[in-house]
Amino acid sequence: MVPDEDNEVNVEINVQADSDALSPGRLEALADGVIAIAITLLVLELSIPVISGGGHEGSPSSLGDMGNEFYAYAIGFWALGVY
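For the sequence shown, the tail end lands on 85 under this note's numbering, and the numbers increase by one without skipping.
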């Protein structure tokens with residue numbers, strides 16, 4: 003602290019940021035992690051359809067009934083991937 007002519011005290015603070023803490027690589031890794039979590043949350047919304055009779059014969063038609071959900075998932079996945 004150095005007093006000036008008006009008896010005011012001027013304080014100089016030197017702040018040095020760690021160059022690794024703000025590097026682009028760390029920011030990219032954080033963004034990749036956030037996107038991976040968001041895509042994982044998208045998958046958790048998909049449910050397995052219950053098929054009466056327990057056979058595999060109705061699987062394609064049951065999955066076809068979920069077409070809108072798969073379409074919404076694909077759009078969400080694409081939007082997150084573009085980001």
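Every residue gets a Cβ at the ideal spot worked out from N, C-alpha and C, and that includes glycine.
- Within the same chain, Cβ atoms closer than 7 Å to the Cβ of Leu82 are found at Ile37, Ala40, Ile41, the five residues on either side in sequence being excluded.
- When secondary structure is reduced to three states using DSSP, Leu32 falls in the helix class.
- Measuring C-alpha to C-alpha distances from Leu46 to each of Ser63, Glu30, Tyr75 identifies Tyr75 as the nearest.
- Assignment of Leu43 by DSSP, reduced to helix, strand and coil, places it in the helix class.
- A distance below 7 Å separates the beta carbons of Gly78 and Leu44.
- In the three-state scheme derived from DSSP, where H, G and I count as helix and E and B as strand, Ser63 is classed as helix.
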